[in-house]
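Heads up, the thing below is written out as structure tokens.
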Amino acid sequence: MDDQLVTALRDALGPSVTTDPVALAEARKDKSGYESDSSPLAIVEAQSVEDVRLTMEFAFENRIPVVVRGAGTGLAGGAIGGAGEIVLSTLRMNRVLSLNPDDQTAVVEPGLLNGEFNDSLRMHGLWYPPDPASRAISTIGGNIATNAGGLLCAKYGVTRESVLALTVVLADGRTLNLGRGTVKGVTGLDLVSLFVGSEGTLGVIVAATLRLRNLPPGPTVTIQVEFDRVDAAARASMDLSRSGLQPASMELMDEVSIRLISRYLKSDSDIRSGARLIVQFDEGDGQSDAARAVEILEAGARKVEVSADAASGEDILAFRRAFHPAMAATGRVLIEDVAVPRSKLGQMFGEIARIGKKYGLEIPTVAHAADGNLHPNFMIEGEAIPDSVWEAAGELFRSALDLGGTLTGEHGVGLLKRRWLSEELGDDQVSLQREIKQVFDPRGILNPGKVF
Ligand SMILES: Cc1cc2nc3c(=O)[nH]c(=O)nc-3n(C[C@H](O)[C@H](O)[C@H](O)COP(=O)(O)OP(=O)(O)OC[C@H]3O[C@@H](n4cnc5c(N)ncnc54)[C@H](O)[C@@H]3O)c2cc1C
1486 MDDQLVTALR
1496 DALGPSVTTD
1506 PVALAEARKD
1516 KSGYESDSSP
1526 LAIVEAQSVE
1536 DVRLTMEFAF
1546 ENRIPVVVRG
1556 AGTGLAGGAI
1566 GGAGEIVLST
1576 LRMNRVLSLN
1586 PDDQTAVVEP
1596 GLLNGEFNDS
1606 LRMHGLWYPP
1616 DPASRAISTI
1626 GGNIATNAGG
1636 LLCAKYGVTR
1646 ESVLALTVVL
1656 ADGRTLNLGR
1666 GTVKGVTGLD
1676 LVSLFVGSEG
1686 TLGVIVAATL
1696 RLRNLPPGPT
1706 VTIQVEFDRV
1716 DAAARASMDL
1726 SRSGLQPASM
1736 ELMDEVSIRL
1746 ISRYLKSDSD
1756 IRSGARLIVQ
1766 FDEGDGQSDA
1776 ARAVEILEAG
1786 ARKVEVSADA
1796 ASGEDILAFR
1806 RAFHPAMAAT
1816 GRVLIEDVAV
1826 PRSKLGQMFG
1836 EIARIGKKYG
1846 LEIPTVAHAA
1856 DGNLHPNFMI
1866 EGEAIPDSVW
1876 EAAGELFRSA
1886 LDLGGTLTGE
1896 HGVGLLKRRW
1906 LSEELGDDQV
1916 SLQREIKQVF
1926 DPRGILNPGK
1936 VF
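Under this note's numbering, think of the first position of the sequence shown as 1486, with each following residue one higher.
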């Protein structure tokens, strides 16, 4: 039966269909550490909207589940394909369709890598702000489908703020244009926002109209502050946020992260530090903003360094950017992603310490401090995630919810956080969201089992 379906899919789509075992094995995983039990039926490597339309029509008619996949860098298991499923890859749809410097917009295909897009904009003096740490390896479509965040959100917003319009192919193969190329526009319900963060459950994003900005004129000023304790760093970050100064990024690292990154980079960084805050200003009068910021930050600090040249500033931030590779070098890691109101950041760090102690775990944690988004990491020995780690993660999520926060600030729900969905949304809202999904996907073929 499976063979017949694949043959029929090939008849419809030709060489865009692959059953190469290596590619199928790759499509069983993303970067969450989760892997499906068996390989998907086939992968469609779509090169055009027409390929996507034909795939969805075929899947709709034959009631075959479809998992849309960008670069597979997701951390929630959302792009993982399994038995009986078609994986629809958008990686080959990677063109910039138009660039409009006067309107500061561009229309792009979903498989374009965020980093490549930004490289192509630089010569025009333009920039696309959403800045996940995975920008070099993740796609614009994946970023939109997860509403990706990153280092610059407090000042420049999450992906949603940069998406004006989308073209989507629905489960039955129909194409819809959502939103518009204007900054303003309130005709009808805001379906663009519904699709941003929908994790492949409502339709396939095949083009996006994005808002651009002028490249910040600089100069960049970077401040690195060491603290004895993480709660002092959290308090300092909040004082800075409340001051009205607008740093582009404000990254907080706890003691364990500093130690692990230093070991990974073989750096002689100050590993006696209890926490480190890295604050970067990217425009305006960076120097005087930085001077005011230093006054605020040095109150509870043990050491402050200021760098006004871009290269050494980038070196300072490189330490933070090495967090993911440093974690990966320790073995298997479960990367978590809670967010709390920023005034509760110190309390959330306290909860992480309490939970670590209770379960006998070290939980290295970094935070995008200005938006209260924390990434506690569980380091795992062996292949399977032990029940005790899931229990600790569950307790962590509940602590974030109790503080008025959320299960996931930017990585999404996917497979990994489904079981906690009702705890945040409540049963009535989960039912309503399921009904909304059904309107778009009446046969339940789009990413079934993910999110809901
Ligand atoms: C080292 C590292 C650092 C990271 N840093 C960050 C960070 O700072 N901030 C952050 O937010 N995330 C981060 N991530 C997570 C990840 O990179 C993002 O979630 C990213 O947006 C996923 O993009 P992707 O192209 O890899 O999508 P995939 O992983 O392929 O897919 C992710 C989800 O989007 C859906 N999807 C993909 N393309 C489409 C489409 N065209 N139409 C509809 N649905 C689609 C998939 O079905 C899936 O549910 C990081 C990951 C790694 C490995």
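Beta carbons are placed, not taken as given, at the ideal position from N, Cα and C, and that holds for glycine.
For residue i, count neighbouring C-beta atoms within 10 Å of its own C-beta (all shown protein chains included) and say buried if the count is 16 or more, exposed if not.
i, result
"Val-1691", "buried"
"Pro-1927", "exposed"
"Lys-1829", "buried"
"Val-1552", "buried"
"Asn-1662", "exposed"
"Glu-1740", "buried"
"Thr-1893", "buried"
"Gly-1899", "buried"
"Asp-1675", "exposed"
"Thr-1672", "exposed"
"Leu-1917", "exposed"
"Val-1507", "exposed"
"Asn-1585", "exposed"
"Glu-1866", "exposed"
"Leu-1816", "Correcting the residue identity first, residue 1816 is Gly in this sequence and not Leu. Flag for Gly-1816 reads exposed."
Mind checking whether the beta-carbon of residue i lies closer than 7 angstroms to any heavy atom of ligand 1?
i, result
"Asp-1856", "no"
"Ala-1656", "no"
"Asn-1699", "no"
"Arg-1554", "yes"
"Ala-1564", "yes"
"Ala-1630", "yes"
"Val-1789", "no"
"Val-1689", "yes"
"Asp-1515", "yes"
"Ala-1618", "yes"
"Gly-1559", "yes"
"His-1609", "no"
Whose CA, out of the options, lies closest to the CA of residue i?
i, options, result
"Thr-1667", "Val-1677, Leu-1611, Phe-1602", "Val-1677"
"Ala-1591", "Ala-1786, His-1609, Thr-1707", "His-1609"
"Ser-1747", "Val-1572, Ala-1807, Val-1551", "Ala-1807"
"Gly-1567", "Val-1581, Ser-1521, Arg-1720", "Ser-1521"
"Asp-1487", "Gly-1499, Ser-1524, Arg-1513, Ala-1508", "Ser-1524"
"Lys-1514", "Arg-1554, Arg-1548, Val-1529", "Arg-1554"
"Leu-1901", "Glu-1821, Glu-1511, Ala-1786, Asn-1699", "Glu-1821"
"Asp-1657", "Phe-1543, Ile-1801, Ala-1719", "Phe-1543"
"Ser-1501", "Met-1578, Ala-1556, Phe-1545", "Met-1578"
"Leu-1655", "Pro-1933, Val-1924, Val-1936", "Val-1924"
"Val-1932", "Leu-1509, Ile-1571, Ala-1493", "In the sequence on display, residue 1932 carries Asn and not Val. Checked all of Leu-1509, Ile-1571, Ala-1493; the closest Cα to Asn-1932 is Ile-1571."
"Ser-1728", "Ala-1778, Leu-1636, Ala-1793, Asp-1767", "Ala-1778"
"Gly-1759", "Asp-1774, Met-1735, Arg-1787", "Arg-1787"
"Glu-1799", "Gly-1816, Ala-1776, Ile-1763", "Ile-1763"
"Ile-1840", "Phe-1882, Asp-1856, Glu-1546", "Phe-1882"
Whole angstroms are fine: how far does the CA of residue j sit from the CA of residue i?
i, j, result
"Glu-1646", "Gln-1489", "44 angstroms"
"Thr-1575", "Thr-1624", "9 angstroms"
"Ala-1811", "Val-1706", "26 angstroms"
"Ile-1921", "Glu-1847", "40 angstroms"
"Val-1491", "Leu-1526", "7 angstroms"
"His-1853", "Ile-1781", "18 angstroms"
"Thr-1558", "Ser-1517", "8 angstroms"
"His-1809", "Thr-1660", "38 angstroms"
"Thr-1891", "Ala-1497", "43 angstroms"
"Arg-1757", "Ile-1743", "9 angstroms"
"Trp-1905", "Arg-1620", "28 angstroms"
Hey, could you find the ends of the alpha helix (DSSP H) residue i is sitting in?
i, result
"Ala-1493", "1487 to 1498"
"Asn-1579", "Neither: Asn-1579 is in no alpha helix (DSSP H) and is coded neither H nor E."
"Ala-1656", "Segment: none, Ala-1656 is in no alpha helix (DSSP H) and carries neither H nor E."
"Ala-1885", "1872 to 1887"
"His-1809", "1808 to 1813"
"Ser-1747", "1740 to 1750"
"Asn-1628", "1625 to 1631"
"Glu-1836", "1830 to 1844"
Taking the continuous beta strand (DSSP E) assigned at residue i, which residues delimit it?
i, result
"Phe-1863", "1858 to 1865"
"Val-1689", "1689 to 1696"
"Leu-1762", "1760 to 1766"
"Phe-1545", "No beta strand (DSSP E) contains Phe-1545, which is instead part of the alpha helix (DSSP H) from 1534 to 1547."
"His-1609", "It is not in any beta strand (DSSP E) - His-1609 carries neither H nor E in the DSSP assignment."
"Gly-1664", "1660 to 1664"
"Gln-1923", "Careful: Gln-1923 lies outside any beta strand (DSSP E), inside the alpha helix (DSSP H) at 1912 to 1925."
"Leu-1679", "That residue, Leu-1679, is in no beta strand (DSSP E); its alpha helix (DSSP H) goes 1676 to 1680."
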